[in-house]
Every structure is written in structure tokens, then in C-alpha cells.
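Peer 1: Protein chains in written order, with our numbering: chain A, 2 to 390; chain B, 63 to 1080.
Here a beta-carbon is modelled for each residue, glycine too, at the ideal position from N, C-alpha and C.
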Amino acid sequence: MTEATGTPFVLNTDKGLETSLRGFLRQLLESGNIGALILPLKVPSGDSFAWIMLNDAGMIDDAVPFPATMPVQGAKALRSLTRKERGELTVMALMRPCEIRAGIELSKLGQVNTENLILATYDCAGAVPLQSYVSDPAAAEKNFKEFFITGEPDQNAKPICASCTDFSMVDSDIHFGYFGVREKGMLVIPGTVRGTDLLKKMDLQTASGSELLPVWKAEVEKLTEKRSSVRKIVFKKTEKDISGFTGMLNVFENCIGCHNCQSVCPVCYCRLCYFGSEASRTNPEAMVNEAVKRGGISLPPDRIMFHTGRLAHMSLSCVSCGQCTDACPVSIPVADVFSFVAEQTQHTFEYKAGRNDGKPLPLRDFKKSELPGVHKLVKDAEPGGTSHE
Amino acid sequence: MKNKKNTVLVLGAGIAGIQASLDLAEMGVEVHLIEGTPTIGGRMPQLDKTFPTNDCSMCILSPKMSECARHPLITIHIKSTLEEISGEPGAFTCRVIEQAKYVDPVKCVSCGLCEAKCPVKIDDEFDVGLRKTKAISRYFLQSIPSEYTINPSHCLYLTKGVCKLCEKVCPTGAINYDDKDREIEISAGAVILATGIDPFNPLGFGQYGYHRYPNVVTSLEFERMLSASGPLGGHVVRASDDKPPKKIAFLQCIGSRDEGIDRNYCSSACCMFAIKQSIIAKEHSKDLDASIFYMDIRAFGKDFDKYYDKAENHYGVKFKRSKIADIVELPDGSLDLKYTFENGDIQHEVFDLVVLSIGLQPRTGSRKLADKLDIRLNKFGFCHSDTFTPQETTRQGVFVCGAMNNPKDIPESVVSASGAVAGAVKFLNLGRHDISTGEEEIIEKDVSGERPRVGVFVCHCGINIAGVVDVKNVAEMAKDLKNVEHSEDVMYACSTDCLELIKERIEEHGLNRVVVAACTPRTHEPLFRDTISGAGLNPYLFEMANIRDQCSWAHMNEPELATEKSKDLVEMAVGKARNLTPLKRLPIAIDPEALVVGGGLAGMTCALAIADAGHQVFMVEKESSLGGNMKDIFFNLDGSDPQQFLAETIRKVEDHPEIRVFLNSTIEDIAGYVGNFRTMFTNGSGQQEELTHGVVVVATGGSEHKTTEYLYDESSRVITQKEFERMLQEEKFPPGKLREVVFVQCVGSREEGRMYCSRVCCSKAVKNARQLQSKKSRANIYFAYRDIRTYGFSEQYYSELRNSGALFFRYTPDNKPEVEKVHPDDPESRVRVTLFDPVLEKDVVIEADLVVLATAIDPPEENLKLAKMLKIPLNSDGLFLEAHVKLRPVDFATDGIFVCGLAHSPKDMSESIAQAKAAGSRALTFLKKNSILAEGTIAEVRTDRCSGCGYCEDVCAYAAIEIDPEEGVAVINDALCKGCGACVASCRCGALDLRGFTNEQLFSVFDALEIDAVEGIV
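1) Please classify B/Gly1078 as buried or exposed, where buried requires at least 16 neighbouring CB atoms within 10 angstroms.
2) Might you give, ordered along the chain, the residues of its own chain that have their beta carbon closer than 7 angstroms to the beta carbon of B/Val1080, omitting 5 neighbours on each side?
3) Spell out whether any CB of chain A is found under 8 angstroms from the CB atom of B/Tyr1128.
4) When the Cα atoms are used, what is the spatial distance from B/Leu418 to B/Ile122?
5) Whole angstroms are fine: how far does the CA of A/Leu224 sit from the CA of A/Pro9?
6) Are A/Thr70 and A/Leu22 close, meaning C-beta to C-beta below 8 angstroms?
7) Going along the chain, which residues of the region 1043-1062 of chain B sit with their C-beta nearer than 7 angstroms to a C-beta in chain A?
8) What does the alpha-carbon distance come out to for the pair A/Glu212 and A/Glu220?
9) What does A/Tyr270 reach in chain B if we use C-beta pairs closer than 7 angstroms?
10) Does the Cβ of B/Thr667 have 16 or more other Cβ atoms within 10 Å, making it buried, or fewer, making it exposed?
11) What's the C-alpha gap between B/Gln706 and B/Asn698?
12) Only counting the same chain, and skipping five residues up and downstream in sequence, which positions put a Cβ closer than 8 angstroms to that of B/Pro621?
13) If I'm right that A/Cys271 touches B/Arg1007 with Cβ under 8 angstroms, what's the distance once you round it to whole angstroms?
14) What residue range is occupied by the uninterrupted beta strand (DSSP E) comprising B/Tyr859?
15) Apply the 10 Å Cβ neighbour rule to A/Phe246 and answer buried if 16 or more other Cβ atoms are within range, or exposed otherwise.
16) Per DSSP, which residues does A/Trp52 bridge with? Please list them.
17) Between which two residues does the beta strand (DSSP E) holding B/Lys784 run?
18) Under 8 angstroms: do the region 346-354 of chain B and the region 373-392 of chain B share three or more Cβ pairs, one atom per stretch?
19) Verify whether the separation of the beta carbon atoms of B/Asp189 and B/Arg286 is less than 8 angstroms.
20) Need the endpoints of the alpha helix (DSSP H) that A/Glu147 sits in, please.
21) Only counting runs of 3 or more residues, tell me where the beta strand (DSSP E) segments fall wholly within the region 223-310 of chain B, in order along the chain.
22) Look at A/Ser321 and A/Asp303 and say whether their C-beta atoms are less than 8 angstroms apart.
23) Between the Cα of B/Ala373 and the Cα atoms of B/Leu869, B/Pro654, B/Thr115, B/Lys507, which residue gives the shortest distance?
24) Would you verify that the beta carbon of B/Asp241 is, or is not, closer than 8 angstroms to some beta carbon of chain A?
25) In this structure, what does DSSP give as the bridge partners for B/His495?
26) Let me confirm a value: A/Val194 is counted as buried when at least 16 other C-beta atoms fall within 10 Å, else exposed. Which label applies?
27) Going straight from the alpha carbon of B/Gly500 to that of A/Ser299, what length do you get?
28) Starting from the beta carbon of B/Ile1025, find every residue of chain A whose beta carbon is closer than 8 angstroms, and list them in chain order.
29) Could you tell me whether the Cβ of A/Ala287 comes closer than 8 angstroms to any Cβ of chain B?
30) At 3 residues or longer, what runs of the beta strand (DSSP E) sit wholly inside the region 641-684 of chain B?
31) Does the region 776-786 of chain B touch the region 919-932 of chain B, meaning 3 or more C-beta pairs lie closer than 8 angstroms?
32) How long is the line joining the alpha carbons of B/Glu903 and B/Asp407, rounded to whole angstroms?
33) Under 6 angstroms Cβ to Cβ from B/Phe444, same chain only, skipping five residues before and after it: list those, please.
34) Among B/Val91, B/Thr455, B/Phe403, B/Leu1064, whose alpha-carbon lies nearest the alpha-carbon of B/Val487?
35) Sorted by chain position, which residues of the same chain lie with C-beta nearer than 8 angstroms to B/Val715's C-beta, five sequence neighbours on each side aside?
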């Protein structure tokens, strides 16, 4: 959880959280301080949501600020908007914390320009898996309502949500906090100078949130603690499951090579994935030789390589949003593996994906201290190094 | 000066001589490099590592040596001496004697058979007697030229008329016992003297027990012991019992700072040398105990203090400020050191090994050489030069560089070499030139669309490879490889006959790719590339397998495995060759103008060096007048007049037809790259102007640190050195009235926030103290110091000051001198200084009339802005970071940008001048060319794959790649790319590839070895 940069305000929640937030957004749009809003709307068939950029305040009533599921990762929407250059209008995006984190990560990778973007997040209780939602929207909505209120994702939520510890205020400009204070109101918390300025400009005539802030904070901390313990258990299991080559094989043996996990991943930003390119094709002659040498090989050959390759490329930027598991047609717990490996690799570089803390992306600068293992290899390779003794 | 010769004679082929030769040759000057020993390289090859980066000395030097040997304009004369010089500057005639080598260098293929058979063992000079060599030998393994020579005073045939074994075994008939000394005459426009130094010989100074006790060695001997390629293979053991030492003592100032033996100068490098050796020794063996016994640690260079700090606090090297009283050998060969600390305490300690940190002295024979050249030496035997003309000797047209000038380390030798070149070119008549190899252009065959037809040549190298590897078998195997049209074994691939043979085979078999399995591409690849180029193939259609270093040498006791490995390497090389494509080196035009940023002493000196060579210089200075920091310097230790010199220099700059000075001007933006820069700046009248130029010299200077310590802000009696110097000049504060003056050193330097030594303050304080004394002042002078760092010849002025009665008190950062006002309310009040005296172990209180603070030198703030514009790095102290601290001290990794003066690091006037001339000279190596060639092996972008994330931009050390903001994809600047491949490795999208090392080519190497590159195959 990041710290507030100014005094928070309180929105009246007598008519429910959604209504209260819609009211705020309408006011914001009408004030002219922002040009457009990016929000989820329910699709006409009613079984999913889509991102809409709107500047007609009238459309806000159709928006669903707290959608039950996460069809397209919000960062992908941001990327499509600003990949090349920023637009003229200031646009505010209201998204889940993991979506905003992915957006920030992409901004460091030159894929999103946040200059004219106001990033807004809310306390996220988790999301329902897309499959459950599509097959029975009504039941899914009901299930979602249950954990939306408690803030504790249950068996009906996406599995990754229960072990998510970055579910509240991240490095967003404005955060809407309701955990633990829902009955009394919803906090509007500025998280950056830009957020503070925007709220000042709006000149909200509502009560100060100074009193509610500590209550909300305590609740978020309590929930974080709970989710941390779940996280530990999940990581332990994942570590056991994927250890060694056999472990990896067992986890990924059902992979059908559809590459869905890669195409829904918000931080997988390459225009053309190496594993989808001609360069990754194996030489038939070499494969036959391998088969002869080993007695047999499985085809197509890049199933494990695809996942380890993606881990090598992307785990440093993984925000653990869980889209990969959601998109997997054969129920491989891809997100558990990514989340676990990401924690290790990011820790190695003292880095956390999706944060706006001024730290450079790993590998952009090399500090010998980061990799004692590599340092030793380098030393050993030098004449007079340890291996020569 | 009629008949100017565009030839320069360089005497001495150490690092200074090599650098001078390369700079000259790059400007299109013909160079004759005269060297007394049988190889170029000088002292550097004897060193294991170099401070403060611990780079391997040979690894960084050998590319320069090879470059020197390959350059068409450089002629190397080994075993040669200058006999006589006549004529006038611009047209000297030099008589040089080339001693007989007794081996024909054209025929010799350096196979080593002769050395193996030679029965005469003699002490190896290179390994300072720690190893034996033969009467026919190569000076050291990587000698250049690599051919063997006979030592006539030990050869049995030449001395006694018997033996001739070498002639019998020589496979190419290269031995020639009738070889005679040859006299050659060289016409040269200028001469550069770079004969370097000899280490001090402690024999005859019995107190150290050198040669009497086997476990007392010199630092040079210890360096060879530490070296992995040295006589002990890097396993340091004691001579007495072959046991590794557990406790080593380094004794400093052996043959330096010693009035008793006429060496009242500091050798400048030995403190760092000892620190380096103690670190390396500790890296070899963690539990080693290393102690350095010293008077002052003189870590005055760039990043030296950090290295010193690392040695003490990270490696645990013990530093003992003491004097050695006695060394006694114990029965087991260990040495009992008796030493006294500064407070008089006497201590005994037993060490396994004692290393004498010997000083530097002019090379034997330099006095004779000086007589021949008719130049003056100083009283210590080093070449005399004036403060303002550090590379000029007393004879016009003869220049000096390297340690022959004064004791100095490697980077300063390199700087002085380039500086000497700037002097020498004034006596030449240089125009701009095109790059040409001197050979006629051969039309390249178009091999596109042809299937690969690979030719393989496997070299015996006499017994060098064939003695271990079954060469015939390897060549036979290669015949069956896919796409191999021809394969054969050859005796010496690099011999002239064989090079012709390769050309013939290309013709005969229609080869379009060539693989040579022999020695290292580092030395031989250019030769083979030239060869296939001569047969009409693109030079990049060549691949080399190093079966000597990696097979016959590395596995000399396992011949069968060595042969198997050779086959693998050849197979891999063929795999790569199959996928090789022709590459082009594109020319980049060079704009002949230069931009110099900063109009201080360094900027002006550099501008004059460039302008005198006929190039237009734009000088941009932010202040309203030229001169920079030098405006505040009024005296020099040697009595010369800085203000007069400054006035002359400013006049020269202002009157120079090729120099345009822009005062009160600030640079707004610099775009472009080597040869093609475009600079926007705001001129004195506030208008924007644009300049186009080929190179940039950064000479932004430095400034005096503003301190708040020692009541500087509160008392008029506490002033800085700069203010004191002006006061002495203006005699404002009547020197006669001063009774007590305290000098406080290291104010702001060598402490948190500024972990560097400001280098000049010790000498400056000594200078001003001497100046005060010369003004008939009877003042008592007190110094509060941490280490007195009057390196080089400044040492003599320091001893003069000490002898004159000045008192020196050493302080530590946690016990700094305290300054308070005697009458707190009176702004004019005298100040009370309390100093802790470590000798008396008591506080000393002085009521001072004046306290003079030696404040640090700070880099200017605008450095950051300039660094961003030029994409050049700053170090953690805010000083510009050069391309290589040892061998490229005034260059940046980005081509066409140079640095000099305080912008690089604190330095004195003479050093700034030397460096400014060096920067000018380096700039001229570009400006003298109409165009340069870009590398062939450079990165390329597949824009359809690039996501524009910018990783590549961040990892590129040469600022050669950037994201096009319009297209959102990476763009490579072919002129700047060095082909290191860092961007390729950083690219997650696989959008980058390195020409000549593409994924496809590398995977074909793995495939050949059947490496499971794609581990997904299960």
C-alpha cells in the first residue's frame, strides 16, 4: 500500500458504493478537468464487460465501476490508447490495481504514455474467473457480491486473487477505498501530486477523510496479512510442484500450445513473439537426430521452452493478475508459476513490477552485488581467478 | 623549415611510444618506432593487473600492440638504437643501428622448435630472473613481432663456433648466423622520446636484505609471481621453501623520497602499485595477512582513494604508518621486521615475505641518449621540461612523453604521449587524407544465391599444434562435413606460401567461404581476411577455429582428446561459415571543425593544438572572459609566471585565425555523431546560433568547493588557498605582520560526499607556504594534514619546507583540527586552532593570524546537462568518465568526443596542458581524415518486431541506438555501433541481431556441436 499525498475526501455511500462512485465520476467529467473516462460497460448480451472510453456524462449510468470479472486486462486498453504518443485530452482510467500496475510497468517499457492519463484504482476484493462468468453471469454476480463486501476472495474467485497482496492503493493518482469503512462512506485518496491537484481543482464540498483513513488502513493491513499467509502456502505448493525438470514437465504436460496465456498477458508486449516466429522453428534434421539419439522426442518441440522462455523474458515484469490461468483451456495454473517465479526474480534485483518508485528496470543497469553467482563466474573466468588456484 | 617530412621517429615502444605512434599513424603520419628490446610493449606486459580497476594488463595492451604491428604507416625497428641526429626541426636525419637478429623475420613462423632444442639456458629478463630462457628465444609469449631472435652473447655458435642446433631444426631455414648489424637513415620531421623507466635496484642497500634474504623480493618480482602467466603460474610461494606465504609486508618508498641517495622525488605510482598487489594477493588467498608500511599514502589519482578505502575496509589490508628500523632473517626464512610508529613506539612483527616497493628511475643509458639528442636532463636524470610545455625538451622538434619525463602511471603516460604528438605535428605538413590500404581495389565476387562452398585449412604450426593434435586426421574429418568442398592440412597457415595457396584453392574449387583452424583470431584473423579479400571474397566470409590455444596448449597432455576437441571446433566453424554473409563497412564523412566547450587553460590549449594543425575551432565559454581557474594562480613552484603565460595564451587564442571564441554563451543542444555534430547555443547577445563540427572536446573545468567548516563563513582570518594566493600577490595582508599561519589540508576532500583526493592542494599549499617565506615573512607555518601528497618532483619543495622549520601535524577525519575565535565578538579576532599531535600524543594550541583552507575541487554543475546532451557518462563524483581509465584517458566510449582538464579530474596546470594537448591530438586523429569506416559487424533492427521498449538504448555503452519517437522503434547509428552485442542480448522481442553473429549463425554453431540449444526437445 502506498501513502496518501494529500487529505482524502469522503463520498456518501447511502445509496451504495456504485452509485456514489458514478456520481463522483459524473461530477469529474462535467467539471471539465478531464476529457474522457475509461470504464467497463456490460456488453449487450450481458455475459461480459468491455472497456469504453466515454466523454458523454450520460453514459456513466451504464458503466460498471466494480465489474465482477476481468475480460480484457485494462493495461491492454491503455496500451492501445497511448502506445505511440499521448492524446491531447486528459483521460482518467478506473481499473483494478493489477491492471494499473501492469499499465505502469508498460509505461516503463515505452508501451504506455501516462503523461495525460489519470490512473484511478479501488480496493479490489478479487474477480470471478471469466469462464464462470460467461457460463452463468447471474450466479457469478451473486458470488462476486459475497467476497466484494468482505474483501476476502473465496473459492469462487480467481485463485490468484486470494494470494494477492497489492490489491489496494498502488501507485495510482487517485484511489477509492472502502474496505472497513463502507458503511460510513468511500474515501477518495490522492496518491500523487497530480491526483492531489485534480481533487483540489474539483473543489469537492464533502467531508474530510482524515478520521476514516486510519480505519480503512487498518482493515487493508489486516486483509493484506491474511492474503500473505495464503500466498506463502500457495508458493510452497508451487515450489514443490515445479521443482526440477520433471516438476515443470508435470505442471505443463497438458499444454496444447495455444499461446493464449501469452496473448492475454498485459506485460507481454512484443509485436511478434519469438515463439510464434519462424526463428523458433526447429530444424527437422536436428529433430530426427535427437530422436535417434534419445530414443524418442515429443512433438511439437517447444512446449516447455515456450513457458520457460516467457518466464525468462517476462517474470521480471509480471504483476500477477492471473489472466494467463483464466485463459488456459486446459486448466494449467500458469499464474501460480509466474507469480512464484516473479517473486524470486524480482527479489533478486530488488525490484517490484508495476511500481512507480523510480527504480530502473532490472538488467538495464548491472550491479555486481545483485548477482553474486554471476560475479563469481566472471571472477573465475579471469586469469588468476579462483578456479586457477 | 623547408622540406618538411611527414615522418616521426618514436624512441621507445612502451605504452607511451605505442600510443604516440598510433595517434600519429591515424593522422596519416609515417612512424618509425625504435625499440631496444626484441619486442614492443615496454613495462606493461610485465604487470599482472592494473590499478584501480584490476584490469589484466596484457589483455588491455595486446590489442594496441597488434594494432601497432598491423598499421601500414608504422615501421617497428626492434633491437635498435638511435646513434646520431642531425638537421633541423622539420627535417631531422636520424642514424639508427638495427642490431643483428640472426633469424630472418620473413621466414620465421615462430614455431618454437629452435628454442626447444637450444642447449643454452640463461636468466629470463622479462621474468626478472625468476625463470630461465634460451639463447634463441622470444622475449615473451605475446611478443610483437613474434619472431625469434638470437642473443649473440650467449649463443654457442656465435661465441664459440659450435652447436648450430637451431639451424638444423628450423623448418623454414630462417636462421642466419651471418646476420650483421644494420645502419639505417631515417628522415624525420620530429622525434618523440619515450624511453621510459627502470625500476630502482635495491642491491647495495643492505638494510633491506635484498638478495641476502631469499624472501625479500622487489615489487616487480612480486608482480611476476602474482601473474597467472608468470613463472609461478600465479601461485605465490616463497623462494626459500616453496610454501605459500601467509603474511606479507610491503615496504614503501624504497628508492624514492630519499635525499640520502639523490632521490628526493616521489615515484608517484608505488603506493597504488602496493595497494593493488595487496588486493590481488588477498584475492588469491583470502586468509592472507597483508600490511603496507608507509610514510604517506599517495592515492592522488582519479578513483584512487576509493581503491585505497576498498583495500583497507573491504579486503582488510593493514596500513601501518611507520618507519622500518631493521629486517632480520629467522632460521625458517621468515623475516623479523622492527619498526617504529610515529609516536615512537617500537614493534616487532614476523612476516613470511617482504615486498620492496621500489621506485622508478630513468632507464639506464638515458644520459647517453640525452647527449646524442642534445637535450637537458633534470638533476634526477629525467628529461627536463617546463611547466607550461610539459612535452617539450630543450631541443626544438624533440618531444618527450611517458615516465622519461617524470615518474608517472599508465594513463598519464598515455596522455603525455598524445600530448607529445600534438607538439610533433606542428613540425609536419599534414593535410586531410582518405583511408586507403595502399593496395589496388579488387572487385568483390558476388556470392549471393550460391550454395556454400567451404574450404578448410588446418595448420600444423610446426609442432605447436601438430605436436599434440592429429592435424591430418582433423583435416580428413572436415572433408565429410556438409558444404565442405575442400580440406587440407598445411604446415604454417600464415606463411606467405600458404596464403598464396589459400588464394589458389579459392580459385580452383570455387570456394565462397574459408575456415582456417590455427591460432588466435586476435592476431591472425586480419591477415586471413586480407588474403581471401585478395582472392575476391568478402573478408567477412571467413571463420577461424583456435585449435592452438584451446586444444594443443590447453590439453597438451591429452593428445587424443585434444584432437577430438579440434574436430568439434572445426565442425562448429564450418557450421558458422555455412551461414556467413558478406558485410560492408560504410564510410562516414568527417566534418573538419571542432567544438571546444570551456575557455579555461585546458580548453584554450586544446583549441590551439587543433587550430595550429589547420582546423577551425569553435570555443564556447559561459563566462565573459577566457582563462577559467587560472586567473587565480599567480605562482608556480618552479618560479615560472602563470599570469604571463595565461596572457600569452589568451592572446594566441584571440588572434588565431582558425579559432572563433563565443563568450557569455551557453550550449542548448548537441545532436549528431562523430564527424557530424550540430550544436545550438545562445550567444553573448542572447541569440541562438548553430554550429556544425566533427568532434567535441569537453573542457568544462571545475570550481573551488564552498566550505562552511573551520569558521570559514564567520572569520575574516579563515580563508581558502585561492584567496591566500591572491592575498600574497596583492600583498594586502602584510606578510611581514603574520606570525602564526595554519594550513588545513583536505577540506571537503577524501570524506563523505567527495571521496576523492583533489590532488593539487598539497603542492599548492607547499607552494604558497614557500611563497610566504620568500616574502620575508617570519611567520611560523603549521600544516594540519592527512597525507602529504606532493608526488613527483614536488617532493623536493615539500622537504625544503619541512627543513625550513614548518611543522606538520597529521590528523584523522574523526579528529579534525578545531578552530575558534579568540574574541568571539570581534570579527577581526585571531583564531585559536587546536590540533592533536600524534607524535606527542597531545593537543597543540596555536593562536593563528591566518588559517588557510585547502578546499576541494568540485566538478561544475553543468556537467550533468552536457553529459545528457552528449550521452556520455559521469562517475559517482560528477566527473566525466573516460572510455578506459588506463588506455583511453581522454576519449569517451562514444567516438568523436574527448575530455581534458578538471572536467576529467583534479589536476595541476602542467597536467591540464598535457591532457588538453592529448585531447587535441586524439581529436586530430579523426579530423585529419575525410571519412572513417563504420564497423562491419554491427547490430541491426528488424523494425517489424521492435516494440520500442528502449531496453537496448539503456544498455548501449556507445550511445549508438535510440528509439525513434515517431516510429516507436529502435534505430542504430552505424557510425557509432561497435558490435558488442549488448543490445541484442537485452532485446526480449528478438528484434535485434548482430551482423556476423546472428542467431541463425550461432545456432548453426550449436547444431554442429549437437548442443541441445533447444532444451524443449524431450
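Peer 2: Reading from the atomic positions:
1) Since pLDDT at B/Gly1078 reaches only 38, below the 50 mark, its modelled position is unreliable, and the value read off the structure follows with that caveat. Classification for B/Gly1078: buried.
2) In this prediction, B/Val1080 scores a pLDDT of 33, lower than 50, which makes its location untrustworthy; no coordinate-derived value is stated.
3) Limits of chain B in this structure are 63 at one end and 1080 at the other, which puts residue 1128 of chain B out of reach.
4) Spanning the two alpha carbons is a distance of roughly 26 angstroms.
5) Rounded to whole angstroms, A/Pro9 to A/Leu224 spans 21 angstroms at the Cα level.
6) Result no, Cβ atoms of A/Thr70 and A/Leu22 do not sit closer than 8 angstroms.
7) Contact annotation: in the region 1043-1062 of chain B, residues whose CB is within less than 7 angstroms of a CB in chain A are Ser1048, Arg1050, Cys1051, Gly1052, Asn1061.
8) Going by the C-alpha atoms only, they are around 14 angstroms apart.
9) Neighbours of A/Tyr270 on chain B, chain order: Ser1009, Cys1011.
10) So B/Thr667 ends up on the buried side.
11) Each residue's alpha carbon lies about 12 angstroms from the other.
12) If we look at B/Pro621 and ignore the five residues flanking it on each side, its Cβ neighbours are Val530, Val531, Asp532.
13) Sure, about 7 angstroms apart at Cβ, within 8 angstroms.
14) Careful: B/Tyr859 lies outside any beta strand (DSSP E), inside the alpha helix (DSSP H) at 857-865.
15) Result: exposed.
16) Beta-bridge partners of A/Trp52 (DSSP): A/Pro41.
17) Careful: B/Lys784 lies outside any beta strand (DSSP E), inside the alpha helix (DSSP H) at 783-792.
18) Taking 8 angstroms as the limit for Cβ pairs, the verdict is that the region 373-392 of chain B does touch the region 346-354 of chain B.
19) In this structure, the beta-carbon distance from B/Asp189 to B/Arg286 falls below 8 angstroms.
20) Start and end: 138-151.
21) Taken in chain order, the unbroken stretches of beta strand (DSSP E) that lie wholly in the region 223-310 of chain B and span 3 residues or more are 244-250, 252-255, 259-261, 278-280.
22) Not in contact: A/Ser321 and A/Asp303 (Cβ atoms no closer than 8 angstroms).
23) Measuring from the Cα of B/Ala373, the nearest candidate turns out to be B/Thr115.
24) Closer than 8 angstroms: no.
25) B/Lys991.
26) The C-beta of A/Val194 has fewer than 16 other C-beta atoms within 10 Å across all chains shown, which makes the residue exposed.
27) Reliability of the predicted coordinates at B/Gly500 is poor, the pLDDT of 45 falling under 50, and the value obtained from them is presented with this limitation in mind. Each residue's Cα considered, the two are about 59 angstroms apart.
28) Ordered by position in chain A, the residues that pass the 8 angstroms Cβ test against B/Ile1025 are Gly111.
29) For A/Ala287, the answer is yes, since a Cβ of chain B falls inside 8 angstroms of its Cβ.
30) The region 641-684 of chain B is shown to contain whole beta strand (DSSP E) runs of 3 or more residues at 649-651, 656-659, 679-682, in chain order.
31) With the cut-off at 8 angstroms, the region 919-932 of chain B and the region 776-786 of chain B do not touch.
32) Rounded to the nearest angstrom, the two C-alpha atoms are 12 angstroms apart.
33) Excluding sequence neighbours, B/Phe444 sits near Pro424, Asn468.
34) For the options B/Val91, B/Thr455, B/Phe403, B/Leu1064, the alpha carbon positioned closest to that of B/Val487 is the one of B/Val91.
35) So the qualifying residues of the chain are Gly661, Met666, Ala669, Leu670, Met681, Leu688, Ile721, Val723.
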